[in-house]
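Chemist: Below: one structure in structure tokens.
Numbering (the numbering used here), first residue to last: 290 to 433.
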């Protein structure tokens, strides 16, 4: 699944409905190529999939339970942090498996020992030089 760096404009009524109704929810708008997070009333954030540079899982321990979070590191923006308790979290992970291979391993951030903080790198964008490769075999990368 490939998405442009400039996601499609999402319909106004869709955005308003999500903003008013979907508090504490997350989903992927595949057509627009964005992760949509609505952390609270009148708050919404669209993150273009093409601008995500790294996906990391981490945990927070409390006496009652462990909570796992996914951290989407976004080029030029604040990190998007989503909790496993957000409505739509499992569906979002399923929808992003092809875009971010390894994201389905988010549960590995839960440590075997109580009150131990863990961070697991699930996916990272390849640097541009590795993507271009060494075209002419001189070690310079692009063959220019």
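Glycine included, C-beta positions come from ideal geometry on N, C-alpha and C.
In whole angstroms, what separates the C-alpha of residue 386 from that of residue 392?
Modeler: For the purposes of this step, residue 386 is identified with residue 97 of the chain shown, where counting begins at 1. For the purposes of this step, residue 392 is identified with residue 103 of the chain shown, where counting begins at 1. Taking the straight line from one Cα to the other gives about 6 Å.
Chemist: On a Cα-Cα basis, can you pick out the residue from 404, 355, 328, 415 that is closest to residue 370?
Modeler: Against the chain shown, residue 370 aligns to sequence position 81. Cα-wise, what sits closest to residue 370 is 328.
Chemist: Hey, would you say residue 321 sits closer than 8 Å to residue 375, going by beta carbons?
Modeler: Reading the chain shown from its first residue, position 32 is the one you call residue 321. Reading the chain shown from its first residue, position 86 is the one you call residue 375. No, the Cβ-Cβ distance between residue 321 and residue 375 is not below 8 Å.
Chemist: What are the residues that DSSP puts in a beta bridge with residue 347?
Modeler: Within the chain shown, residue 347 is the residue found at index 58, counting from 1. Answer by DSSP bridge pairing, in chain order: 358, 408.
Chemist: When you compare the region 390-409 with the region 344-352, are there three or more beta-carbon pairs, one atom per stretch, that lie closer than 8 Å?
Modeler: Contact holds: three or more Cβ-Cβ distances are below 8 Å.
Chemist: Beta carbon of residue 325, beta carbon of residue 338: below 8 Å?
Modeler: Here residue 325 refers to the residue found at position 36 when the chain shown is read from its first residue. Here residue 338 refers to the residue found at position 49 when the chain shown is read from its first residue. No. Outside cutoff.
Chemist: Report the rounded CA-to-CA distance for residue 336 versus residue 356, giving the unit in angstroms.
Modeler: Translated into positions along the chain shown, residue 336 becomes position 47. Translated into positions along the chain shown, residue 356 becomes position 67. Using only the alpha carbons, I get a separation of about 22 Å.
Chemist: Would you mind reading off the limits of the alpha helix (DSSP H) that contains residue 336?
Modeler: Here residue 336 refers to the residue found at position 47 when the chain shown is read from its first residue. Per DSSP, residue 336 belongs to no alpha helix (DSSP H); it is in the beta strand (DSSP E), 332-337.
Chemist: In angstroms with no decimal places, state the Cα-to-Cα distance between residue 367 and residue 398.
Modeler: Within the chain shown, the letter at position 78 stands for residue 367. Within the chain shown, the letter at position 109 stands for residue 398. Roughly 21 Å between the two C-alpha positions.
Chemist: Going by CA-CA distance only, name the one from 342, 402, 416, 378 that's closest to residue 410.
Modeler: Working through the chain shown from its first residue, we reach residue 410 at position 121. Closest option to residue 410, Cα to Cα, is 342.
Chemist: Helix or strand or just coil, what does DSSP make of residue 402?
Modeler: Stepping through the chain shown from its first residue, residue 402 is reached at position 113. Residue 402: coil per DSSP, three-state reduction.
Chemist: Can you tell which of 317, 334, 358 has the C-alpha that lies nearest to the C-alpha of residue 407?
Modeler: Against the chain shown, residue 407 aligns to sequence position 118. Among 317, 334, 358, the Cα nearest to that of residue 407 is on 358.
Chemist: Pick helix, strand or coil for residue 341, following the three-state DSSP scheme.
Modeler: Stepping through the chain shown from its first residue, residue 341 is reached at position 52. Three-state result, residue 341: strand.
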